[in-house]
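Let me begin by presenting the structure, written as structure tokens, before commenting on it.
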Amino acid sequence: MARILAILLFSFFAAALQAQDDSERFAIGNDRFLAGSSVVAGDSGTGDLFAAAERVVVAAPASGIAHLAGRRLSVTAPIGGALYGAGMDITVTAPVSGSATLFGYDLDIAESVGGDLRGFARHIRVAGDVGGYALLAAEQIEIVANIAGDADISAAELSFAPGVTIGGTLTLRGPDAEEIELPANIAAEVIRVETDWPESPGERIVVPSVGTFMVAALVSFIFFIVIVAGLGVLAASLAPMHVDESVERAILRPGHTLWAGALTLLLVLGGALGLAITGIGLLLVPLVILI
Numbered sequence: 223m224a225r226i227l228a229i230l231l232f233s234f235f236a237a238a239l240q241a242q243d244d245s246e247r248f249a250i251g252n253d254r255f256l257a258g259s260s261v262v263a264g265d266s267g268t269g270d271l272f273a274a275a276e277r278v279v280v281a282a283p284a285s286g287i288a289h290l291a292g293r294r295l296s297v298t299a300p301i302g303g304a305l306y307g308a309g310m311d312i313t314v315t316a317p318v319s320g321s322a323t324l325f326g327y328d329l330d331i332a333e334s335v336g337g338d339l340r341g342f343a344r345h346i347r348v349a350g351d352v353g354g355y356a357l358l359a360a361e362q363i364e365i366v367a368n369i370a371g372d373a374d375i376s377a378a379e380l381s382f383a384p385g386v387t388i389g390g391t392l393t394l395r396g397p398d399a400e401e402i403e404l405p406a407n408i409a410a411e412v413i414r415v416e417t418d419w420p421e422s423p424g425e426r427i428v429v430p431s432v433g434t435f436m437v438a439a440l441v442s443f444i445f446f447i448v449i450v451a452g453l454g455v456l457a458a459s460l461a462p463m464h465v466d467e468s469v470e471r472a473i474l475r476p477g478h479t480l481w482a483g484a485l486t487l488l489l490v491l492g493g494a495l496g497l498a499i500t501g502i503g504l505l506l507v508p509l510v511i512l513i
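In the working numbering, the protein residues as written are 223 to 513.
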């Protein structure tokens, strides 16, 4: 939990730095914090590494844990601890001593992972040996390296290079798990689990029925009325004189009041969008919308 909170705090910190400058760096002890549109982690003697940008390149070894977030992530120098990455295109061309947990669209692991490998994407290619277990889920997966522990693989399309071995149990999940051809003696035990897999992106979209939509709209409307009524009662209790003046003004000048209310709503929504862009203000958006 502490590590998750640290990553969330760093994400907000990185978003704030991006809003202020193209690239910012911060160091405390041996740890490095990088943020910007494009960053290169090239400092020697780096312990833990935190980097967030559209393009992140790890060009110097990190002896600790690496936390990376961005559109394109490239690890070209060894990682002494674990690797955590979230992005669109993730390429690992240097060894990772610890475990690797990666979320993206295209994952290419070209070097060894000393610990466990957890990968979730659209396409995954594993070309480096894995020292622990492998937990992989993607539409297309290609395995061309050995896995020392168990392997649990969920895929619509799966291929193994000749000579690949799984040290533990190999579990295959997918619509054609029973039909996947495996190299000889790939694992001591193979478990095949047939699961449904959407044939096209359109099948993943579930359209609610008219009845469900009407019920949701009615519940939302009632909830909105309750919130507005509650705010009205609260305002009348705290500032009765101002509420009376506002009611009289609305009766005397309804057009002006309607225009002022619409303009205020637009300003509130615009302010909420501005807060969301800064990253840190994202936590305040629900409060702004409620007010």
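Cβ atoms here follow ideal geometry from the backbone N, Cα and C, with glycine treated the same way.
Simplified DSSP state of L456, which is helix, strand or coil: The residue labelled residue 456 in the question sits at position 234 within the sequence shown. Helix at L456.
Range of the contiguous beta strand (DSSP E) that encloses I301: For the purposes of this step, residue 301 is identified with residue 79 of the sequence shown, where counting begins at 1. Under the DSSP assignment, I301 falls outside any beta strand (DSSP E); it carries neither an H nor an E label.
Residues near A367 in its chain [Cβ-Cβ closer than 6 Å; skip 5 each side]: For the purposes of this step, residue 367 is taken as residue 145 along the sequence shown, with counting starting at 1. Taken in chain order, the residues that qualify are V348, A349, G350 and D351.
Counted within 10 angstroms of its Cβ, other Cβ atoms place S468 as buried (16 or more) or exposed: For the purposes of this step, residue 468 is taken as residue 246 along the sequence shown, with counting starting at 1. Exposed.
Per DSSP, cross-strand counterpart(s) of T417: The residue given as residue 417 occupies position 195 in the sequence shown. For T417, which the question treats as bridged, DSSP gives no partner whatsoever.
Residue environment, H464, which counts as buried when at least 16 other CB atoms sit within 10 Å: Along the sequence shown, one-based indexing puts residue 464 at 242. It is exposed - the Cβ of H464 has fewer than 16 other Cβ atoms within 10 Å.
Those residues which DSSP pairs with R341 across a bridge: Here residue 341 refers to the residue found at position 119 of the sequence shown. Looking at the sequence provided, one finds Gly at residue 341 rather than Arg. According to DSSP, G341 bridges with L324 and L358.
For A282, the three-state DSSP class (helix, strand or coil): Stepping through the sequence shown from its first residue, residue 282 is reached at position 60. It is coil, neither helix nor strand.
Residue from G292, L440 and D328 whose Cα sits closest to the Cα of S259: Taking the first residue of the sequence shown as 1, we reach residue 259 at position 37. If we check each option's Cα against that of S259, G292 comes out closest.
Cβ-Cβ distance between A275 and A257 below 8 Å: Within the sequence shown, the letter at position 53 stands for residue 275. Within the sequence shown, the letter at position 35 stands for residue 257. Yes, these two residues count as a Cβ contact at 8 Å.
DSSP-derived helix/strand/coil call for E364: Stepping through the sequence shown from its first residue, residue 364 is reached at position 142. E364 falls in the strand class under three-state DSSP.
Burial state of G354 (16 or more Cβ within 10 Å): Taking the first residue of the sequence shown as 1, we reach residue 354 at position 132. A residue is called buried when at least 16 other Cβ atoms come within 10 angstroms of its Cβ; G354 meets this threshold and is buried.
D475, buried or exposed, once every other Cβ within 10 Å from all chains shown has been counted against 16: For this step, residue 475 is matched to residue 253 along the sequence shown. The question names Asp, but residue 475 is Arg in the sequence shown. R475 is exposed by the Cβ-count criterion.
CA nearest to the CA of T298, picked from V280, E411 and T323: Mapped onto the sequence shown, residue 298 falls at position 76. The alpha carbon of T298 has as its nearest neighbour, out of V280, E411 and T323, the alpha carbon of V280.
Straight-line gap, V335 to S321 (C-alpha atoms, nearest Å): Position 113 of the sequence shown, counting from 1, holds the residue named residue 335. Position 99 of the sequence shown, counting from 1, holds the residue named residue 321. Each residue's alpha carbon lies about 6 Å from the other.
Backbone CA spacing between F248 and A343 [nearest angstrom]: Within the sequence shown, the letter at position 26 stands for residue 248. Within the sequence shown, the letter at position 121 stands for residue 343. Going from the Cα of F248 to the Cα of A343 covers about 31 Å.
I388: first and last residue of the uninterrupted beta strand (DSSP E) it sits in: Against the sequence shown, residue 388 aligns to sequence position 166. Per DSSP, I388 belongs to no beta strand (DSSP E) and is neither H nor E.
Pair within 8 Å by beta-carbon distance, I363 and A373: Along the sequence shown, one-based indexing puts residue 363 at 141. Along the sequence shown, one-based indexing puts residue 373 at 151. In this structure, A373 does not lie closer than 8 Å to I363 by Cβ.
Length of the line joining the Cα atoms of Y327 and M310: For the purposes of this step, residue 327 is taken as the residue at position 105 of the sequence shown. For the purposes of this step, residue 310 is taken as the residue at position 88 of the sequence shown. Straight-line Cα distance between these residues: approximately 5 Å.
Residue of T315, T393 and S266 minimising C-alpha distance to A356: Here residue 356 refers to the residue found at position 134 when the sequence shown is read from its first residue. The alpha carbon of A356 has as its nearest neighbour, out of T315, T393 and S266, the alpha carbon of T393.
Buried versus exposed, by CB contacts within 10 Å (16 or more), L231: Residue mapping note: residue 231 aligns to position 9 of the sequence shown, counting from 1. Residue placement at L231 cannot be trusted, given a pLDDT of 44 that sits under 50; what the coordinates show is reported in the next sentence. Flag for L231 reads exposed.
The beta strand (DSSP E) enclosing S260, as first and last residue numbers: Stepping through the sequence shown from its first residue, residue 260 is reached at position 38. First-last of the beta strand (DSSP E) with S260: D253 to A263.
R340 burial status per 10 Å Cβ neighbour count (16 or more: buried): Taking the sequence shown and counting its residues from 1, one reaches residue 340 at position 118. R340 is buried by the Cβ-count criterion.
DSSP beta-bridge partners of S468: Here residue 468 refers to the residue found at position 246 when the sequence shown is read from its first residue. Bridge partners of S468: none, in fact.
Within 8 Å, strictly: CB atoms of G385 and I369: Numbered from its first residue, the sequence shown carries residue 385 at position 163. Numbered from its first residue, the sequence shown carries residue 369 at position 147. Going by C-beta atoms, G385 is not nearer than 8 Å to I369.
N- and C-terminal bounds of the beta strand (DSSP E) containing T315: For the purposes of this step, residue 315 is taken as the residue at position 93 of the sequence shown. Where T315 is concerned, there is no enclosing beta strand (DSSP E), given that its DSSP letter is neither H nor E.
C-beta neighbour in chain B for E379, strict 8 Å: Looking for chain B here will not work: only one protein chain is present.
Own chain residues within Cβ distance below 6 Å of T323, not counting five before or after: Position 101 of the sequence shown, counted from the first residue, corresponds to residue 323. Same-chain partners within the cutoff: Y306 and R340.
Neighbourhood of S285 by C-beta, 6 Å cutoff - its chain only, sequence neighbours within 5 removed: To locate residue 285, count along the sequence shown from 1; it is residue 63. G269 and G302, listed in sequence order.
I408, DSSP secondary structure in three states: Indexing the sequence shown from 1 puts residue 408 at position 186. Coil, per DSSP.
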